[in-house]
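Just so you know, we're using this note's numbering here: the sequence shown kicks off at 12 and counts up by one.
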Amino acid sequence: MTERKWKVFVFSPYDFGWDRSVADECYEKLRRENCEVVIADHLTVPTREELIELGKGADAFMGVQSKKVRIDEEILKCAPNLRIIAKYTVGVDDVDLDAATRRGVLVTNAPLETTIVGVAENTLALMLSLLKKIPLRDKLTRRGVWRPREVKGTYVRGITVGFIGFGRIAREVNRILEPWHVKRIAYDPYVPEEIFRQANVEPVNLDVLLRESDVVLVLAALTPETYHMIGERELRMMKKTAYLVNTARGAIIDENALIKALKEGVIAGAALDVFEHEPLSMENPLVELENVILSPHCSDFNEGVGVEVEGVKLATENVLKALRGEIPVNIVNPEALPKWIEKFGRSS
12 MTERKWKVFV
22 FSPYDFGWDR
32 SVADECYEKL
42 RRENCEVVIA
52 DHLTVPTREE
62 LIELGKGADA
72 FMGVQSKKVR
82 IDEEILKCAP
92 NLRIIAKYTV
102 GVDDVDLDAA
112 TRRGVLVTNA
122 PLETTIVGVA
132 ENTLALMLSL
142 LKKIPLRDKL
152 TRRGVWRPRE
162 VKGTYVRGIT
172 VGFIGFGRIA
182 REVNRILEPW
192 HVKRIAYDPY
202 VPEEIFRQAN
212 VEPVNLDVLL
222 RESDVVLVLA
232 ALTPETYHMI
242 GERELRMMKK
252 TAYLVNTARG
262 AIIDENALIK
272 ALKEGVIAGA
282 ALDVFEHEPL
292 SMENPLVELE
302 NVILSPHCSD
312 FNEGVGVEVE
322 GVKLATENVL
332 KALRGEIPVN
342 IVNPEALPKW
352 IEKFGRSS
């Protein structure tokens with residue numbers, strides 16, 4: 012590396028509940044590699060102005076999730092020599108990929124096997140909790156109400172499970188469901204027919220999926236196209252006995268429309284690990300509803316694995332590669348590569 016210190020801006024150093032030791036070791040490793048590491052306060056969550064000020068002149072951005080502000084053109088302008096935005100997570104919806112690509116900035120993520128499997132496991136746990144009415148059974152048992160009729164669960168064999176999005180996590184859920192003898196259908200216009208065929212999943216349009224599914228699993232990425240793709244119209248297409256599970260991104264569902272549907276009994280219930288605004292406010296009407304299971308965005312939150320261990324390590328290595336002029340792994344905007352190589356590649 013050159014004698015000049017590289018500036019690495021960590022816009023989101025930790026997440027709630029983390030053991031910070033691995034992340035701190037990674038930040039120290041960067042310092043040993045001739046980097047000035049500027050770390051935002053993860054408790055206050057930086058504003059747009061703070062992101063611009065702290066990120067000024069940075070060679071690399073890295074972090075978990077920019078929770079309040081999307082990293083867009085205005086923020087990127089503060090760092091004209093920015094090489095990489097290295098995420099610790101799979102999701103990159105907090106980054107304007109088009110703006111990054113225009114500027115020749117590589118965006119990388121961390122599609123860890125432990126994250127994919129962990130989210131899949133939690134998705135199934137939430138689905139079964141709804142179908143078997145686990146929260147209600149627990150509550151009534153604690154009240155001394157023994158085996159009332161309303162705790163009857165759903166017999167899972169033979170139901171229809173619908174996937175909205177059929178990427179890596181959905182495919183892992185499907186793999187686990189394979190021997191369960193349930194019908195699986197999916198909506199994902201970007202997945203080739205052959206993938207569905209190999210997975211024994213029937214591709215359908217969104218309306219058909221909503222009408223036919225007993226459980227709808229939201230596992231799509233958040234994009235302008237998927238923002239609020241499940242609204243009042245879509246919820247009213249679902250069976251009154253159907254359940255909705257979202258372990259992807261909160262804004263894929265119009266939360267106000269969902270609250271209304273749950274209050275009016277349009278659907279039987281929902282399980283949400285993600286919300287439009289996080290952390291979930293205690294003033295949110297969802298908190299008072301008994302036909303929804305709430306979880307604090309922790310589907311991949313497991314001891315000893317995942318984002319807080321492997322994700323931060325992978326992002327650190329990607330930052331170091333980019334600073335050396337080497338191409339990092341898990342680039343989500345490969346269209347930026349020609350410009351990046353021209354500006355920053357080892358031969359430039």
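Think of the CB as a built atom: it goes at the ideal place given N, C-alpha and C, for glycine as much as any other residue.
Measuring only the C-alpha atoms, how far is residue i from residue j?
i           : j           : result
residue 177 : residue 244 : 22 Å
residue 195 : residue 182 : 11 Å
residue 36  : residue 49  : 14 Å
residue 203 : residue 45  : 45 Å
residue 301 : residue 205 : 41 Å
residue 278 : residue 143 : 16 Å
residue 62  : residue 41  : 20 Å
residue 160 : residue 141 : 16 Å
residue 76  : residue 22  : 8 Å
residue 256 : residue 287 : 14 Å
residue 73  : residue 138 : 33 Å
residue 254 : residue 282 : 8 Å
residue 4   : residue 307 : The displayed coordinates of the chain run from 12 to 359. Any statement about residue 4 would go beyond what the structure contains.
residue 240 : residue 39  : 42 Å
residue 299 : residue 310 : 22 Å
residue 65  : residue 246 : 42 Å
Going by beta carbon distance, what residues of the same chain come within less than 6 Å of residue i, once the five residues before and after it are set aside?
i           : result
residue 238 : 262
residue 332 : 339
residue 242 : 265, 268
residue 207 : 214
residue 352 : none
residue 125 : 316, 317
I'd like to know whether the C-beta atoms of residue i and residue j end up nearer to each other than 8 Å.
i           : j           : result
residue 344 : residue 112 : yes
residue 9   : residue 259 : Since the first residue shown for the chain is 12 and the last is 359, residue 9 is missing from the structure and cannot be characterised.
residue 171 : residue 218 : no
residue 175 : residue 230 : yes
residue 289 : residue 78  : yes
residue 321 : residue 123 : yes
residue 248 : residue 221 : yes
Using the rule of at least 16 other Cβ atoms within 10 Å of the residue's Cβ for burial, across every protein chain shown, is residue i buried or exposed?
i           : result
residue 319 : buried
residue 109 : exposed
residue 315 : exposed
residue 55  : exposed
residue 323 : buried
residue 192 : exposed
residue 32  : exposed
residue 92  : exposed
Rounded C-beta distance between residue i and residue j? I'm assuming under 8 Å.
i           : j           : result
residue 118 : residue 70  : The Cβ separation is near 15 Å, so there is no contact.
residue 313 : residue 129 : 5 Å
Take residue i and list the residues in its own chain whose beta-carbon comes closer than 7 Å to its own, dropping the five residues that flank it on each side.
i           : result
residue 68  : 18, 90
residue 135 : 184, 187
With a CB to CB cut of under 8 Å and the five nearest residues on each side skipped, what residues in its chain are close to residue i?
i           : result
residue 189 : 211
residue 85  : 59, 63
residue 120 : 98, 100, 101, 102, 103, 341, 343
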